[in-house]
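Report on the structure given below.
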Amino acid sequence: MGITVKNPGLFTTVQDEGRLGYQQFGVTPSGPMDAHAFHLANVLVGNPKAEGALEMTFQGPSLTFTEDNVIAVTGADMQPKLNGEPLLMYSAVSVRAGDELQFGFAVNGARGYLAFAGGLEIPLVMDSKSTLASKNMGGYQGRKLEAGDTIAFTAPKTKLSKQEDRVLSKPLYPTDEVVLRAVPGPQDFEFTREELRKFFWFSGKITNEFDRMGCRLEREVPVKHIGDGNIISDGIAMGSVQIPTNGQPIIMLADRQTVGGYTKIATVISVDLGKLAQARPGMRVRFVRVGIELAQDLYCKELSEIEALQKRWEE
Numbered sequence: 014m015g016i017t018v019k020n021p022g023l024f025t026t027v028q029d030e031g032r033l034g035y036q037q038f039g040v041t042p043s044g045p046m047d048a049h050a051f052h053l054a055n056v057l058v059g060n061p062k063a064e065g066a067l068e069m070t071f072q073g074p075s076l077t078f079t080e081d082n083v084i085a086v087t088g089a090d091m092q093p094k095l096n097g098e099p100l101l102m103y104s105a106v107s108v109r110a111g112d113e114l115q116f117g118f119a120v121n122g123a124r125g126y127l128a129f130a131g132g133l134e135i136p137l138v139m140d141s142k143s144t145l146a147s148k149n150m151g152g153y154q155g156r157k158l159e160a161g162d163t164i165a166f167t168a169p170k171t172k173l174s175k176q177e178d179r180v181l182s183k184p185l186y187p188t189d190e191v192v193l194r195a196v197p198g199p200q201d202f203e204f205t206r207e208e209l210r211k212f213f214w215f216s217g218k219i220t221n222e223f224d225r226m227g228c229r230l231e232r233e234v235p236v237k238h239i240g241d242g243n244i245i246s247d248g249i250a251m252g253s254v255q256i257p258t259n260g261q262p263i264i265m266l267a268d269r270q271t272v273g274g275y276t277k278i279a280t281v282i283s284v285d286l287g288k289l290a291q292a293r294p295g296m297r298v299r300f301v302r303v304g305i306e307l308a309q310d311l312y313c314k315e316l317s318e319i320e321a322l323q324k325r326w327e328e
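According to the working numbering, the stretch in the sequence shown is residues 14 to 328, in order.
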């Protein structure tokens, strides 16, 4: 017993931390597009930060609960309502069997997260609950949710310790331009110093080719390579910024291919990827150059803040 899907929304999938350790075998990691919002949803309901949750895109689902539990909604504001009444986001909320949770279209941001105390009963595929819909792998039957689907809770709770204190402020996402910090490389040497400067100076517009695999940008002035833009295929990290032969950047995301043969001019730092996940087509993206040390420091700081929340609510 857990949830029954009445309306699946536009694209709702089960995601956990990702299918880590298998990219060397050609298996895409998947996982959440906005890791920070995903982690906060889990921590709010007392789960390990990597536990499986629902990722919702642009429009969330309508669900009926068939068992009592505690939930939390983070990320994009999809106007959640519990039994017709507005539900407080970024808060641990108790639900009862028979309750209905409805989401609308996102009014700010693009991707929301719904976590359930104790997690969802989803089988592991290569050590992960994450859905890779393009390969029919993982999650709920390897696909996005559909009307009539049912998912059980693993270890539901009726009440959490310090539940009344499990409330965080809701962020407001940009609506015009997203600024992404990025570390140059690994193939920045395939561009002149002037082209590298232009990459970090001029912005690009997010096109409609924006999904879990990647985000294609359109720049008024394409980025020029020294050569033809092709390399011997090598591994692709989340956040890699490929520059194909047409000079229009592609930011590789959660469901990216594992290797690619286009030059990668830079890599978006981990803590900024959530900003892109919450952006929409038509918005502009501007890159800011930073060093690897700052990227690592910011990542460690974010992890420390998550751990501090866990300790505060568990004590």
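All C-beta atoms, glycine included, are put in the ideal place defined by N, C-alpha and C.
Nearest candidate by alpha-carbon position, reference residue i, set the options
{"i": "D247", "options": "I239, T258, P235, T271", "result": "T271"}
{"i": "A85", "options": "T79, S107, Q92, F71", "result": "S107"}
{"i": "F300", "options": "R232, S317, E318, G273", "result": "R232"}
{"i": "G198", "options": "E190, L209, Q37", "result": "L209"}
{"i": "G11", "options": "P99, G111, K94", "result": "Because the chain is modelled from 14 through 328, residue 11 falls outside the range shown and cannot be assessed."}
{"i": "E329", "options": "G125, I278, Q309, Q28", "result": "Nothing in the structure corresponds to residue 329, since the chain is present only between 14 and 328."}
{"i": "D189", "options": "Q291, R229, Q72", "result": "Q291"}
{"i": "Y275", "options": "S283, M251, I245, K288", "result": "I245"}
{"i": "A308", "options": "M296, V298, A279", "result": "A279"}
{"i": "L173", "options": "Y153, A130, D241, N149", "result": "A130"}
{"i": "F51", "options": "A123, F38, T41, A66", "result": "A66"}
{"i": "A250", "options": "L23, G39, R293", "result": "G39"}
{"i": "D90", "options": "Y153, R156, P187, E64", "result": "P187"}
{"i": "E30", "options": "S104, V138, G22, T79", "result": "V138"}
{"i": "S182", "options": "G88, A146, T167", "result": "G88"}
{"i": "T17", "options": "Q37, Q115, P93, Y35", "result": "Q115"}
{"i": "L316", "options": "T220, V298, V284, P294", "result": "V284"}
{"i": "P184", "options": "Q36, T144, N20, K288", "result": "K288"}
{"i": "Q36", "options": "V298, R269, D310, I305", "result": "R269"}
{"i": "E113", "options": "T77, K148, T144, L145", "result": "T77"}
N-terminal and C-terminal residue of the alpha helix (DSSP H) that residue i is part of
{"i": "K324", "result": "305 to 327"}
{"i": "E207", "result": "206 to 214"}
{"i": "K288", "result": "286 to 290"}
CB-CB length for residue i against residue j, believed under 8 Å
{"i": "A54", "j": "L127", "result": "7 Å"}
{"i": "I256", "j": "V236", "result": "5 Å"}
{"i": "D81", "j": "R109", "result": "5 Å"}
{"i": "M69", "j": "A267", "result": "M69 to A267, Cβ: 14 Å. No contact."}
{"i": "V192", "j": "V303", "result": "Their Cβ separation, rounded to whole angstroms, is 11 Å, which puts V192 and V303 out of contact at 8 Å."}
{"i": "I263", "j": "G252", "result": "Not quite, the Cβ-Cβ distance comes to about 11 Å (not below 8 Å), so this is no contact."}
{"i": "P294", "j": "F223", "result": "6 Å"}
{"i": "N20", "j": "P74", "result": "6 Å"}
{"i": "T258", "j": "G273", "result": "So it is not a contact: roughly 13 Å between Cβ atoms."}
{"i": "G152", "j": "Q72", "result": "Wrong, their Cβ atoms sit about 18 Å apart, outside the cutoff."}
Residues sharing a beta bridge with residue i, DSSP
{"i": "R297", "result": "E190, K218"}
{"i": "D247", "result": "G273"}
{"i": "P235", "result": "The partner list for P235 (beta bridge, DSSP) is empty, contrary to what the question assumes."}
{"i": "T70", "result": "R124"}
{"i": "L95", "result": "E98, L114"}
{"i": "F38", "result": "Per DSSP, none; premise fails for F38."}
{"i": "S143", "result": "Looking at the DSSP assignment, S143 forms no beta bridge with any residue, so it has no partner."}
{"i": "F223", "result": "C228"}
{"i": "S75", "result": "N20, Q115"}
{"i": "I278", "result": "I278 pairs with nothing; no bridge assigned."}
Residue environment, residue i, which counts as buried when at least 16 other CB atoms sit within 10 Å
{"i": "Y312", "result": "exposed"}
{"i": "A165", "result": "exposed"}
{"i": "I239", "result": "exposed"}
{"i": "F204", "result": "buried"}
{"i": "A321", "result": "exposed"}
{"i": "A160", "result": "exposed"}
{"i": "V120", "result": "exposed"}
{"i": "A123", "result": "buried"}
{"i": "A48", "result": "buried"}
{"i": "S43", "result": "buried"}
{"i": "N60", "result": "buried"}
{"i": "P99", "result": "exposed"}
{"i": "E327", "result": "exposed"}
{"i": "E64", "result": "buried"}
{"i": "F202", "result": "exposed"}
{"i": "K277", "result": "buried"}
{"i": "I305", "result": "exposed"}
{"i": "F118", "result": "exposed"}
{"i": "K62", "result": "buried"}
{"i": "T163", "result": "exposed"}
{"i": "G171", "result": "In the sequence under discussion, the amino acid at residue 171 is Thr, which differs from the Gly named in the question. Flag for T171 reads exposed."}
Span of the beta strand (DSSP E) around residue i
{"i": "G131", "result": "Here G131 belongs to no beta strand (DSSP E), and DSSP marks it neither H nor E."}
{"i": "A114", "result": "The question names Ala, yet the displayed sequence has Leu at residue 114. Per DSSP, L114 belongs to the beta strand (DSSP E) from 113 to 115."}
{"i": "F51", "result": "Element bounds for F51: not the beta strand (DSSP E) but the alpha helix (DSSP H), 48 to 57."}
{"i": "G15", "result": "15 to 20"}
{"i": "T25", "result": "25 to 28"}
{"i": "Q255", "result": "253 to 256"}
{"i": "N82", "result": "82 to 90"}
{"i": "V180", "result": "Per DSSP, V180 belongs to no beta strand (DSSP E) and is neither H nor E."}
{"i": "S174", "result": "That residue, S174, is in no beta strand (DSSP E); it is neither H nor E in DSSP."}
{"i": "T163", "result": "163 to 165"}
Residue i CB to nearest heavy atom of the ligand COA below 8 Å
{"i": "D268", "result": "Absent from the structure shown: the ligand COA. Ligands present: none."}
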